[in-house]
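Top to bottom, those sequences are chains Y and A.
The first sequence maps to residues 5 to 116 in my numbering.
The second sequence maps to residues 1118 to 1231 in my numbering.
Structure first, commentary second.
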Amino acid sequence: SQKIEQNSEALNIQEGKTATLTCNYTNYSPAYLQWYRQDPGRGPVFLLLIRENEKEKRKERLKVTFDTTLKQSLFHITASQPADSATYLCALFRGGFQKLVFGTGTRLLVSP
Amino acid sequence: GAGVSQSPSNKVTEKGKDVELRCDPISGHTALYWYRQSLGQGLEFLIYFQGNSAPDKSGLPSDRFSAERTGGSVSTLTIQRTQQEDSAVYLCASSLWDRLYEQYFGPGTRLTVT
């Protein structure tokens, strides 16, 4: 079965720096790879999606890369702010199975 | 417009009791999903509805779990004879039929079985 690995240790960075989070997966390459943000006590919020034939996607301060050879996605937040502190989840969607498979998430802490 | 809503937000129940969790998806979203998130765990897929039918029930942990959807809208997840291991946050998500990969989540129901 598909396994998704995200760094379980919290990532601590200073405000203004770039945060980089990693998502590694095994087995099949998904049709879509996505990143979600989850705050305590809330449901995940969709951030960005990248397709298997795309290398990079950007949205404001967010950037996602997708390397199907390495089976890895990197999620970058530039000019990070304390308000970016949250848990970030990687999720894969495989066509035909109609469901998302999630990683356990990485907690990001941005200090002022 | 309104997002996905879930009720109750919190539910404490005694072991052995039945519980019902409700999900109201975004208007116009024909696909609806239930997930479970246990402490320190990732989201675990439970069941998926397209309209009122559930083509994939593969994630339901046991026959104590069931779900239904009526009118292509509201869905109810029922857990019978609850056990302590059922304690978790139950999340509902919805999506458009042609964008199943882009799911919008509700705030979840925190279930505690004592």
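C-beta atoms are modelled at their ideal positions from N, C-alpha and C, and glycine is treated no differently.
Bear in mind the structure is a predicted one, so any value in this text is a computation, not a measurement.
>> Please report the straight-line C-alpha distance between Y:Thr82 and A:Ser1204, rounded to a whole angstrom.
In response: 37 Å
> If you compare alpha carbons, which of A:Arg1181, A:Thr1226, A:Tyr1150 and A:Ser1122 is closest to A:Lys1134?
Replying inline: A:Arg1181
> Hey, does A:Pro1172 have any beta-carbon neighbour from chain Y nearer than 9 Å?
Replying inline: yes
> Where does Y:Lys103 land, buried or exposed, given buried means 16+ other C-beta within 10 angstroms?
Replying inline: buried
> Any idea if Y:Arg41 is buried or exposed, counting beta-carbon neighbours within 10 angstroms, 16 or more meaning buried?
Replying inline: Label assigned to Y:Arg41: buried.
> Should A:Thr1226 go down as buried or exposed, given a rule of 16 or more other Cβ atoms within 10 Å for buried?
Replying inline: Burial of A:Thr1226 is indicated by the presence of at least 16 other C-beta atoms within 10 angstroms of its C-beta.
>> Measuring straight from C-alpha to C-alpha, what distance separates A:Phe1222 and Y:Asp43?
In response: So the alpha carbons of these two residues sit roughly 12 Å apart.
> Got a sec? Which residues, its chain only, sit under 7 Å from Y:Gly109 by beta carbon, not counting five neighbours each side?
Replying inline: Gln10, Gln42, Thr91, Tyr92 and Leu93
>> Tell me which residue opens and which closes the beta strand (DSSP E) that Y:Asn16 is part of.
In response: Leu15 to Gln18
>> Taking 9 Å as the threshold (C-beta atoms), are A:Thr1193 and A:Arg1153 in contact?
In response: no
> Out of curiosity, what's the CA-to-CA distance linking Y:Lys21 and A:Trp1214?
Replying inline: Distance between the alpha carbons of Y:Lys21 and A:Trp1214: 39 Å.
> Mind listing which residues of the region 1149-1169 of chain A have their C-beta closer than 9 Å to chain Y's C-betas, in chain order?
Replying inline: From the region 1149-1169 of chain A, only Tyr1150, Tyr1152, Gln1154, Gly1157, Gln1158, Gly1159, Leu1160, Glu1161, Phe1162, Tyr1165 and Gln1167 have a Cβ closer than 9 Å to chain Y.
> When the Cα of Y:Val68 is compared with those of Y:Lys7, Y:Phe97, Y:Gln38 and Y:Asn57, which residue comes out closest?
Replying inline: Y:Gln38
>> With a threshold of 9 Å between beta carbons, is Y:Phe106 in contact with chain A?
In response: yes
>> Please report whether the beta-carbon of Y:Ile8 lies at a distance below 9 Å from any beta-carbon of chain A.
In response: Y:Ile8 has a beta carbon lying within less than 9 Å of a beta carbon in chain A.
>> Runs of 3 residues minimum, wholly inside the region 1128-1159 of chain A: which ones carry the beta strand (DSSP E) assignment?
In response: 1136-1141 and 1148-1154
> Is there at least one Cβ from chain Y nearer than 9 Å to A:Pro1224's Cβ?
Replying inline: So, interface residue.
> Of the residues that make up the region 1130-1142 of chain A, which ones have a beta carbon closer than 8 Å to any beta carbon in chain Y?
Replying inline: Residues of the region 1130-1142 of chain A with a C-beta less than 8 Å from any C-beta of chain Y: none at all.
> Taking any Cβ of chain Y, which residues in the region 1195-1217 of chain A have a Cβ under 9 Å from it, in chain order?
Replying inline: Val1206, Leu1208, Cys1209, Ala1210 and Leu1217
> Alpha carbon to alpha carbon, what distance is there between Y:Ala87 and A:His1146?
Replying inline: 30 Å
> Closer than 9 Å, CB to CB, is A:Gly1176 near chain Y or not?
Replying inline: yes
> Straight-line CA distance for Y:Leu66 to A:Leu1160?
Replying inline: 23 Å
>> Which same chain residues end up closer than 7 Å to A:Ser1131 when comparing Cβ atoms and leaving out the 5 residues on each side of it in sequence?
In response: What sits at residue 1131 of chain A in the sequence shown is Glu, not Ser. If we look at A:Glu1131 and ignore the five residues flanking it on each side, its Cβ neighbours are Thr1231.
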